[in-house]
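Residue numbering for the sequence shown follows numbering that gives the first Met the number 0, starting at 0 and increasing by one per position.
Every residue gets a Cβ at the ideal spot worked out from N, C-alpha and C, and that includes glycine.
These figures come from a predicted structure and were not determined experimentally.
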Amino acid sequence: MGSSLIVTGHVMEARAADPPPTVIVTGGGDSDIFAELLSWQNAVYESAQPVDFSYFELGTTVIRRELIEGKKSFAIVGVPFTEAELAARPAGSGELIELPIAVTSLAVIMTEPTFPQKGWLTAAADPNCDDPEGCAFIYTPYDGVIRVPPDNLSAILMNLPGSFRDNKLNQWSHPAMRAATADGQLSVQLRESQTHYALSRTEGTAANKYIMDYFAELAPAAWALSKENYLAFPYEPIREEFSTRQKTRSRLDAQLRDIMRTESAAGGGRPDDWAGNVGVIPTTYVPRLVEEFPSVNYRVVEIQNANGDWVSPTPAAVSAAVAAGDRTNVAMYEPIAGAYPLVYVNRMYTVAGTLSPEKANALAAIVRYVATDGQQAVVDNQGTPLTASMVAESLAGADEIVEKNCTAAGYEVIVSGPGDFEAATPGVQAIASMNHCRAIPVPTTTTTTTTTVVDTTTTTTTTTTTAPPPPTTATPAPPAATVPATTQPARPVATASANTAPAPPTPDTVAETTTTAVAVVEETTTVATTVPETTTTASTVAPRKRGVALTELPMKRPSDGSNGPKQLGTLMLGSALFLGPRKYFLARRTRQ
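Right, dumping it as structure tokens:
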């Protein structure tokens, strides 16, 4: 009998899961969020599903255009789309989704004066000198605030020459400048024509637009002079680009690098009247200056609001403006005590129907982190976080991003807790309900594992043709010998009757062999292939003649003829029969 086992099916190899591919979401905008950006990018990249929050510093006007043209997935800007930009959108474009990202304020920074003495110093006549005209000044470090009135600040930042109509608004010796700071005793205020040189941004930015809004609203005299001085530039309506008369640099890092130079004027101003450099930058970037320019002594300048208060962009002054309403730069237009006038909200924009399901989930995850735990980075950089109502608006916007972009066939919006895209931070993980876009589950496809057991049994039937046996007389069987039990391999054995001798095979015997294949097929609906235990039962075979049974050993040894006369005679006869023919054949070979 032969038997074979054949198993077919799937083999599943256990191995560690590959990490999910990073989902890249590309956008850009202004530099207002640069101080917080890296920490935001790190947080979402470390999610279970890594998200690459790719951000390009393109300025406000360029990024709005690229978003409309479909070149970027999102834009973060402090200046909303204009009516003209919205009207120019391609027909059939999806609606704009917008939401708040960060409260932003602008700081005016000035480096220390360099002439006639370096540093913020007050100058006083030597009281022990009897000749006032010939006495030297005594200089004392000044630790007080630096204040610049609106008209003077406008003249400096708009590059209005003091010689134009002899306005002298840009000079430290101007009466308003002297009255605003240190009672006119700063050393830089005692010399005619000394001024700080300004450096602004070349590309369109919220900072450019809002500082010009400030000048037009609170510095009307200097604003009018600037427009008259350079008629070639369309000052109004106010845009996000300065005129070419201004000294500018592209990108925040280049602007700062030139502002913080202590050996020359920003933008190459005249060395004989250069006192220092000045510029407008995001407030949250100010703490970085200590690290990036440790040797530069700069000051954050106090400016006036619509209420006439001298304020700087402290968290308290910015919060006062935010609390007064959601109007951009509200303290520039309304008399709000203690509120900083250059405060606005950077908002994220994206276009409905332009994101893949994965990018929609990723962008929503970015918003959820930035609006919650990400606001700590704003606070750490001396900024003001989003209000509770703004956070709620941002989270609703994140859900809208998913809903308005989860429109591809085979996808659906589900509401659940945080998923793999979300940052593993407390604020995000506490959001109990949020939208996600997922592939619609399909009916579970079962894998059929077929186990085939083939049992091949060979049956041999022996047919013997003989004459009928003669009648015999049954003889009682002798008593069975008692044999010790011995363990032996199990095998099928046919037992013959004690009084019936098996007939020996004859030439007429025909061997007929029949092979039967038995197939057993087992189907299972589990993915893992499991081979059931198979019990093989010995098939019944036809009786066959038994050979020597091991249970009957030892057997009686045959006689070798070594005992008795018969054995001796037999030996002698055998020797004669061998030696006689041998002698005959040897003699015959010799004659030949």
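My parser needs the alpha helix (DSSP H) runs of 4 or more residues fully inside the stretch 306-380; what are they?
314-322, 329-332, 356-370, 374-379
With A124 as the anchor, note down where its beta strand (DSSP E) starts and where it stops.
120-124
Measuring alpha carbon to alpha carbon, tell me which of A359, N360, P440, P314 ends up nearest P384.
P314 is the residue among A359, N360, P440, P314 whose C-alpha sits nearest the C-alpha of P384.
Quickly, what does DSSP pair E291 with across the bridge? List them, please.
By DSSP's assignment, E291 forms no beta bridge with any residue.
In the structure shown, what three-state DSSP assignment does A179 receive?
In the displayed model, A179 falls within a helix according to three-state DSSP.
Within 10 angstroms of the Cβ of E65, are there 16 or more other Cβ atoms? Answer buried if so, exposed if not.
buried
A197 and V277: beta carbons closer than 8 Å?
yes
With a 10 Å radius around its C-beta and 16 neighbouring C-beta atoms as the bar for buried, classify E68 as buried or exposed.
exposed
Measuring CB to CB, does E239 end up less than 8 Å from T204?
Going by C-beta atoms, E239 is nearer than 8 Å to T204.
Where do the N-terminal and C-terminal ends of the alpha helix (DSSP H) with P149 fall, by residue?
149-156
Tell me the start and end of each unbroken alpha helix (DSSP H) in the stretch 229-302 that is at least 4 residues and wholly inside, in chain order.
251-258, 285-291
Whole-Å CB distance - V50 paired with V24, under 8 Å assumed:
7 Å
Buried versus exposed, by CB contacts within 10 Å (16 or more), Q116
exposed
Given a threshold of 16 other Cβ atoms within 10 Å of its Cβ, counted over all protein chains shown, does F214 qualify as buried or as exposed?
The residue in question, F214, is buried, as its Cβ has 16 or more Cβ neighbours within 10 Å.
What would DSSP say about I400, mapped onto helix, strand or coil?
helix
Let me confirm a value: Y44 is counted as buried when at least 16 other C-beta atoms fall within 10 Å, else exposed. Which label applies?
exposed
Under the three-state reduction of DSSP, which class applies to A218: helix, strand or coil?
Coil.
Classification of G382 by the beta-carbon crowding that lies within 10 angstroms, buried from 16 upward
buried
Please list the terminal residues of the continuous beta strand (DSSP E) segment that includes I100.
Start and end: 95-110.
I want to check one thing, is the minimum distance from the CB of T406 to the heavy atoms of the ligand GTP below 7 Å?
Absence of the ligand GTP is noted for the structure shown, with no ligands found whatsoever.
6 Å CB neighbourhood of W119 in its chain, flanking five on each side removed:
E111, Y141
Below 8 Å on the Cβ atoms is my guess for I62 versus V76; work out the distance and round it to an integer in Å.
6 Å
Distance between A264 and W273 (C-alpha atoms, nearest Å):
6 Å
Inter-residue spacing [alpha-carbon to alpha-carbon] between V329 and I210
Straight-line spacing of the CA atoms in V329 and I210 works out to 13 Å.
Can you have a look at R326 and say buried or exposed, based on whether 16 or more other CB atoms are within 10 angstroms of its CB?
exposed
In the structure shown, what three-state DSSP assignment does D17 receive?
coil
Span of the alpha helix (DSSP H), counted from its first residue to its last, around T204
That residue, T204, is in no alpha helix (DSSP H); it is neither H nor E in DSSP.
Which residues in the same chain as E35 place their Cβ atom closer than 6 Å to its Cβ, once the five residues preceding and following it in sequence are excluded?
A376, V377
For the pair the stretch 222-234 and the stretch 150-167, tell me if three or more CB-CB distances fall below 8 Å.
yes
Just tell me which of A370, R248, S53 has its CA closest to the CA of T424.
Scanning A370, R248, S53 for the CA closest to the CA of T424 turns up A370.
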